[in-house]
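**Q** The numbering used here numbers the first residue of the sequence shown as 1 and each following residue consecutively. We put the CB at the ideal spot given by N, CA and C, even for glycine. Quick one: the structure is below, questions incoming.
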Amino acid sequence: MEDGDKKPTGCCLFVLYNSCFRRRPVTVSPLNPIPPSAVAKGSIHNSNARRPIPNQTSAAFPYPHPKPPTADQTKLTPPGGIPRPGNGGISSELDSMIYDHQRTKGSSTLVRASSGNFMLYGNLGNLRAPGAVTPNRNILEYLPKTAKEMEKARGGGKVEAPVSICRALSRRLDPEELKEMGNEEYKNGRYAEAVALYERAILIDPEKASYRSNKAAALMGLGLLLDAVEDCREAIRIDPYYFRAHQRLANLYLRLGEPERAAKHYKLAKNEASYDDISHAKDIQVFIGKCSEARKSRNWNILLKESQSAISAGADSSPQIFAYQAEALLMLRKLEDAEESMIDAPKFETAASTKFFGAPSNAYYLSVRAQVDMAEGKFENAVSLAQLAARIDPGSREIAAVARKARSVASARSMGNNLFKASKFAEASLAYGNGLKHDPQNAILLSNRAACLSKLGEWQKAIEDCNAALILRPKYSKARLRRADCNAKMERWEASVEDYEVLVLEMSGDKTVIKALQEAKEHLKRKSVEGILEAANGSEVRHLTNKDQFHGVVKSPGEYEGKILLSKVGNGELSA
């Protein structure tokens, strides 16, 4: 091999180190005195003396580790950490830094600086000022957290690091290569990782429409539909003839309940969309139009039907359509179904939702959410939502009325609770009644008033309030429990047992309910025996106290005809 083909070695680094950073003879000064014993033992550095190399580590680091500075030396070091002349020199500082790095990492291996780790970990370099605190950061901390990573942060299982992102961010990659890696992550369902890679490509080449469009697809996978709309719009701004972006934006508009916009972009998508796509958008537009008409005429059954049809047809992320469905269920007194509808409804940030859907639409959605929360007993949250809706659309009388209603009901409930805690049951009952004047179908207020009436001994009225509450909310355990208790106090054991049996299933493991059920069953058995005795109308009653008497009945049944027979069973209970 020719001299020009020889590969460079690390010898020059060692020579450079010795020539530039070798220890110089120690200067004797009042600040750095040398004891005579040190001279006698030969501990002063001699530049001409050869130093033995006992092992590989000492060869890599030919000088002993520096001792910690004394108190006097520390005082001479300025706040910046650069030592003054005569305080050990740069060589001593370099040895100290290398030693610190070894002690921190637990290894004696040197780290080779490269363009890759210098760019990513520039703040973690080996050369740093003495006393500076260098955070131990990981490049993955700067990436958006995936669902799995967030689960781990909450105490979930072990999460594997996204290898493709580590590889992408540790090398200089072409934006097209980043896009392909993002495509692979997207195909594997790792949408957050895909978004990070697409964003990296966009930083390198911000005028590439495909990067924006692909990022929008990944955002759709994360449920960030409004963000995806913005990226699709930007892709179309960059390239108005990018048909895939038009088609993707049309799909987003369809899901968000904007069929007119969807149809427009389906047409602009050319070959990326079909006539069926445009027809589908028009069908959803018809459903939404019928919803609007039904709500104006207060035909809640039609509103429920058409809103469900629109959601099933593809408008599954439209807050307004879900609000139509929930409002219809509220008016039809299906409160639990209305709550489920709001749980399934999309949740968007208020400002972004108002910007996209418009103030009237978003205010209507928030007002319906407030009414559902009020029916569910979340009064403070209902007031907050209703007031927010009124601020978004201050000109709407309907929304203003909802806000007033929420404040009145929440105030009545709070006053009633305070009076009940003070054992002022009559006053508490009146307070809950005032709240029911504003919201007659509020199951929570009905149940609370029933509790007051039960304390006052008005059990029949309490049962009536519980019945009304359970019609509205069939799974409302508190109302059922109060009704069971009131029926027991009125010695209506059969009705009480029926409610307690349901409660045992709904409140599994509740010892109080189990005990109450057993007691109610015992009372029911006694009542059955008493009923038999009353039906006897003076007929002769014979008590069977032993087995011989029982066998006598079996052998001679005619002798006991027309007579009531009572016997003792194993646990001492009577049976007829």
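1. Hey, how far is the Cα of A450 from the Cα of S496?
2. Can you tell me where the alpha helix (DSSP H) with K296 in it begins and where it stops?
3. Identify which residue in R233, G358, I238 has its Cα closest to the Cα of L252.
4. Would you check if there are 3 or more beta carbon pairs closer than 8 Å linking the stretch 212–232 to the stretch 191–200?
5. Quick check on Q460: does DSSP put it in helix, strand or coil?
6. Please report the distance separating the alpha-carbon of E627 from that of L446.
7. If you check the beta carbons only, do R369 and A315 fall under 8 Å apart?
8. On the criterion of 16 or more Cβ atoms from any shown chain inside 10 Å, does K437 qualify as buried, or is it exposed?
9. When we look at the beta-carbon of T350 and count the other beta-carbons within 10 Å, is it buried (16 or more) or exposed?
10. Any beta carbon from chain B within less than 8 Å of L453's own beta carbon?
11. Helix or strand or just coil, what does DSSP make of Q320?
12. Whole angstroms are fine: how far does the CA of K179 sit from the CA of N448?
13. Just reading off the alpha helix (DSSP H) that D510 is part of, what are its end residues?
14. Starting from P175 and walking both ways along the alpha helix (DSSP H), at which residues does that stretch end?
15. On the three-state DSSP scale, how would you describe E207?
16. Could you spell out the range, first to last residue, of the alpha helix (DSSP H) harbouring Y432?
17. For L332, I'd like the list of residues in its chain whose CB is within less than 6 Å of its CB, leaving aside the five on either flank, ordered along the chain.
18. Taking C-alpha atoms, which residue in I288, K264, R248, R237 lies nearest to A228?
19. At a cut of 8 Å, does the stretch 268–281 reach the stretch 369–380 through at least three beta carbon pairs?
20. Just to check my reading of the structure: C291 and I311 have Cβ atoms closer than 8 Å, yes? What is that Cβ distance to the nearest angstrom?
21. Can you tell me which of the three DSSP states Y191 falls into?
22. Cβ atoms of N362 and I343: under 8 Å apart, would you say?
23. Work out the CA separation of P259 and S477 for me, nearest whole Å.
24. Quick check: is any heavy atom of the ligand SAM less than 7 Å from the C-beta of Q518?
25. Starting from M490, follow the alpha helix (DSSP H) in both directions and report where the run begins and ends.
26. Just verifying my parser: in three-state terms, what is the DSSP assignment at S411?
27. Are the beta-carbon atoms belonging to A426 and L456 less than 8 Å from one another?
28. Would you identify the three-state DSSP class for R233, choosing helix, strand or coil?
29. Given this structure, state the Cα-to-Cα distance separating L453 from A400, to the nearest angstrom.
**A** Reading it off the structure:
1. 16 Å
2. Taken as a continuous stretch (DSSP letters only), the alpha helix (DSSP H) holding K296 covers 275–296.
3. R233
4. yes
5. helix
6. The question about residue 627 has no answer here: the residues shown for the chain are numbered 1 through 576.
7. no
8. It counts as exposed.
9. exposed
10. Among the chains in the structure shown there is no chain B, since it carries only a single protein chain.
11. helix
12. 60 Å
13. Here D510 belongs to no alpha helix (DSSP H), and DSSP marks it neither H nor E.
14. 175–187
15. coil
16. 425–438
17. W300
18. Between A228 and the set I288, K264, R248, R237, the nearest pair of CA atoms involves R248.
19. no
20. The pair is not a contact, with the Cβ atoms about 10 Å apart (cut-off 8 Å).
21. In this structure, Y191 counts as helix in the three-state DSSP scheme.
22. no
23. 43 Å
24. Absence of the ligand SAM is noted for the structure shown, with no ligands found whatsoever.
25. Where M490 is concerned, there is no enclosing alpha helix (DSSP H), given that its DSSP letter is neither H nor E.
26. helix
27. yes
28. In the three-state DSSP reduction, R233 falls in the helix class (H, G or I).
29. A straight line joining the alpha-carbon of L453 with that of A400 spans about 33 Å.
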